[in-house]
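Heads up: the protein sequence lines correspond to chains A and B, in order. Residues 1 to 110, numbered by our numbering, are exactly what the first sequence covers, in order. Residues 111 to 229, numbered by our numbering, are exactly what the second sequence covers, in order.
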Amino acid sequence: QSALTQPASVSGSPGQSITISCTGTSSDVGGYNYVSWYQQHPGKAPKLMIYDVSNRPSGVSNRFSGSKSDNTASLTISGLQAEDEADYYCSSYTTSSTDVFGTGTKVTVL
Amino acid sequence: EVQLVQSGAEVKKPGESLRISCKGSGYRFTSYWISWVRQMPGKGLEWMGRIDPSDSYTEYSPSFQGHVTISADKSISTAYLQWSRLKASDTAMYYCARREYRSSPFDPWGQGTLVTVSS
Numbered sequence: 001q002s003a004l005t006q007p008a009s010v011s012g013s014p015g016q017s018i019t020i021s022c023t024g025t026s027s028d029v030g031g032y033n034y035v036s037w038y039q040q041h042p043g044k045a046p047k048l049m050i051y052d053v054s055n056r057p058s059g060v061s062n063r064f065s066g067s068k069s070d071n072t073a074s075l076t077i078s079g080l081q082a083e084d085e086a087d088y089y090c091s092s093y094t095t096s097s098t099d100v101f102g103t104g105t106k107v108t109v110l
Numbered sequence: 111e112v113q114l115v116q117s118g119a120e121v122k123k124p125g126e127s128l129r130i131s132c133k134g135s136g137y138r139f140t141s142y143w144i145s146w147v148r149q150m151p152g153k154g155l156e157w158m159g160r161i162d163p164s165d166s167y168t169e170y171s172p173s174f175q176g177h178v179t180i181s182a183d184k185s186i187s188t189a190y191l192q193w194s195r196l197k198a199s200d201t202a203m204y205y206c207a208r209r210e211y212r213s214s215p216f217d218p219w220g221q222g223t224l225v226t227v228s229s
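Dropping the structure here:
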């Protein structure tokens, strides 16, 4: 199972919106609506930000939103803030009953 | 509060065995799967496998099948990740994470256990 493909880095100025893509195949991202997104600050454990493509857990800012089209999922962060600077990973359940993570994207707030 | 608390950092030599742990609290341990995730230094997340603590049924990523063993002791709400013969390439941070179903998101995560394998 190959890792899902994410851009290595994305940057934006405070207040701007950015979008991170996550491309897989019909066996993972395209196969189910079980895509989730995780935020990881340096030296910390990952934190769930979006699940089932577009649902936000309680306590996560509504500046974070998710979507999916065919084999590509996306995470959008609107009103970018300094605290959003972190690594972001997508994850998908697969048709083989396994899980696969994305390659990870470093978000920089300029 | 739902929590997963992992055992502390380990320094081992190649060829040695190791078992690290992940203790759940604040919820019914047998009602949720526990997954293990590897993060090598400076690298991304890799799903290793999962266990259903209610009956210790396990599923592994093909990349890790045969290299590690996942187990659980439901009487003490603890899951384990075990190696019989460590290699230098096993040096990584290892996280456990809870999920309700096979396809559910990973939430929450343990704080991580750093394993260093060096001669």
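C-beta atoms are modelled at their ideal positions from N, C-alpha and C, and glycine is treated no differently.
6 Å CB neighbourhood of residue i in its chain, flanking five on each side removed
{"i": "valine 53 of chain A", "result": "Asn33, Val35, Gly66 and Lys68"}
{"i": "serine 74 of chain A", "result": "Thr19, Ser21 and Ser67"}
Chain B residues whose Cβ lies nearer than 9 Å to that of residue i
{"i": "valine 29 of chain A", "result": "Chain B residues near valine 29 of chain A: none, gap ~13 Å exceeds 9 Å."}
{"i": "alanine 86 of chain A", "result": "Chain B residues near alanine 86 of chain A: none, gap ~13 Å exceeds 9 Å."}
Contact under 8 Å by Cβ, residue i with residue j
{"i": "proline 163 of chain B", "j": "isoleucine 180 of chain B", "result": "no"}
{"i": "alanine 86 of chain A", "j": "glutamine 40 of chain A", "result": "yes"}
{"i": "serine 173 of chain B", "j": "alanine 198 of chain B", "result": "no"}
{"i": "glycine 220 of chain B", "j": "alanine 45 of chain A", "result": "yes"}
{"i": "tyrosine 51 of chain A", "j": "leucine 155 of chain B", "result": "no"}
{"i": "alanine 3 of chain A", "j": "threonine 103 of chain A", "result": "yes"}
{"i": "leucine 80 of chain A", "j": "aspartate 217 of chain B", "result": "no"}
Beta-carbon proximity list for residue i, same chain, < 7 Å, skipping 5 on both sides
{"i": "tyrosine 142 of chain B", "result": "Arg208, Arg209 and Glu210"}
{"i": "tryptophan 157 of chain B", "result": "Ser145, Val147 and Ser171"}
{"i": "tryptophan 193 of chain B", "result": "Ser127, Leu128, Val178 and Asp200"}
{"i": "threonine 72 of chain A", "result": "Ser21, Cys22, Thr23 and Val29"}
Same chain only: Cβ atoms within 8 Å of residue i, ignoring 5 sequence neighbours per side
{"i": "glutamine 10 of chain A", "result": "The sequence given here places valine at residue 10 of chain A; glutamine does not occur at that position. Ile18, Thr19, Ile20, Thr105, Lys106, Val107 and Thr108."}
Where residue i meets chain A, residues with beta-carbon distance less than 9 Å
{"i": "glutamate 169 of chain B", "result": "Ser97 and Thr98"}
Under 7 Å by beta carbon: chain A residues contacting residue i
{"i": "glutamate 126 of chain B", "result": "Ordered by position in chain A, no residue passes the 7 Å Cβ test against glutamate 126 of chain B, which lies about 26 Å from the chain."}
Under 7 Å from the C-beta of residue i: neighbouring residues of chain B
{"i": "tyrosine 51 of chain A", "result": "Pro215"}
CA-to-CA distance, residue j to residue i, given in whole angstroms
{"i": "glutamine 116 of chain B", "j": "cysteine 132 of chain B", "result": "4 Å"}
{"i": "isoleucine 77 of chain A", "j": "valine 121 of chain B", "result": "39 Å"}
{"i": "glycine 176 of chain B", "j": "proline 215 of chain B", "result": "25 Å"}
Partner residues on chain B for residue i, Cβ-Cβ distance less than 8 Å
{"i": "alanine 8 of chain A", "result": "Per Cβ cutoff of 8 Å: no residues; alanine 8 of chain A is ~10 Å from chain B at best."}
{"i": "methionine 93 of chain A", "result": "For the record, residue 93 of chain A in the displayed sequence is tyrosine; it is not methionine. Under the 8 Å cutoff, chain B gives Arg212 and Ser213."}
For a minimum of 3 consecutive residues, which ranges assigned as the beta strand (DSSP E) are wholly contained in the segment 182-229 of chain B? Segments of the beta strand (DSSP E) lying fully in the segment 182-229 of chain B: 188-193, 202-209 and 223-227.
Quick one: which unbroken beta strand (DSSP E) runs of 3-plus residues sit fully inside the segment 140-173 of chain B? Chain order, please.
Complete beta strand (DSSP E) runs here, min 3: 143-149, 155-162 and 167-170.
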